[in-house]
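Read in order, the letters of the sequence shown correspond to residues 126 to 246 in our numbering.
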Amino acid sequence: MKQIAIRKKFSYFYTDSSEIESGAFEDRLEELDDEMRALCKKYDVEMSGGYTTFFGLEKYAIGNCEKCGHLMLNRDKNPAGFSGNELAAELDYVIYDGGESEGKVLCEECLPFTHRWGHHS
Ligand SMILES: [Zn+2]
Numbered sequence: 126m127k128q129i130a131i132r133k134k135f136s137y138f139y140t141d142s143s144e145i146e147s148g149a150f151e152d153r154l155e156e157l158d159d160e161m162r163a164l165c166k167k168y169d170v171e172m173s174g175g176y177t178t179f180f181g182l183e184k185y186a187i188g189n190c191e192k193c194g195h196l197m198l199n200r201d202k203n204p205a206g207f208s209g210n211e212l213a214a215e216l217d218y219v220i221y222d223g224g225e226s227e228g229k230v231l232c233e234e235c236l237p238f239t240h241r242w243g244h245h246s
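Put into structure tokens, the structure is as follows:
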């Protein structure tokens, strides 16, 4: 039985409003896509579709875990998370939940289990 396998890969980069408005990173991303397309071809994989979405770091309290570096939402500062954003379900494994513990901002994996946003809470 023939099937098609569709994969999703996420990536991210930090930018700011002036770079977004000027489109300064567009050429860099087009170059990256060209290289990725060529690499996919090498493995008989077609790269199709993709988009870039911007999230305000302060608005959503997005940052990197101070222990492991994983991308995370500081849910102590943003209890609502991505509520109302249609991408939210896809971002669960890209951007972890997290919070603050003993003066550090930690992702759900690094927070103590007893913390409100800890992995097993
Ligand atoms: Zn972590």
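From the three backbone atoms N, C-alpha and C, an ideal C-beta is built for every residue, glycine too.
State buried or exposed for residue i, treating a residue as buried only when at least 16 other CB atoms are found within 10 Å of its CB.
i    : result
E183 : exposed
E233 : buried
C190 : buried
S173 : exposed
Y221 : buried
S142 : exposed
A226 : Inspection of the sequence shows that residue 226 is occupied by Ser rather than by Ala. Answer is buried; the Cβ neighbour count reaches 16.
Just to confirm, are residue i and residue j a CB contact at a threshold of 8 Å?
i    : j    : result
V219 : L196 : yes
G223 : L216 : no
G209 : R200 : no
G228 : L236 : no
Tell me residue i's beta-bridge partners as DSSP assigns them.
i    : result
S226 : K229
I187 : L198
Y221 : M197
I think residue i touches residue j, with their Cβ atoms under 8 Å apart; what is that distance to the nearest whole Å?
i    : j    : result
K97  : A213 : Residue 97 falls outside the range modelled here, since the chain spans only 126 to 246, and no answer is possible.
I120 : F179 : Residue 120 falls outside the range modelled here, since the chain spans only 126 to 246, and no answer is possible.
C165 : E156 : 15 Å between Cβ atoms; not a contact.
Nearest chain E C-beta to residue i closer than 8 Å, yes or no?
i    : result
F135 : Structure shown: chain E not included; a single protein chain is present.
- Task: Starting from the N-terminal end, write out each residue whose C-beta falls within a distance shorter than 6 Å of any non-hydrogen atom of ligand 1.
- Result: C190, K192, C193, H195, L231, C232, E234 and C235
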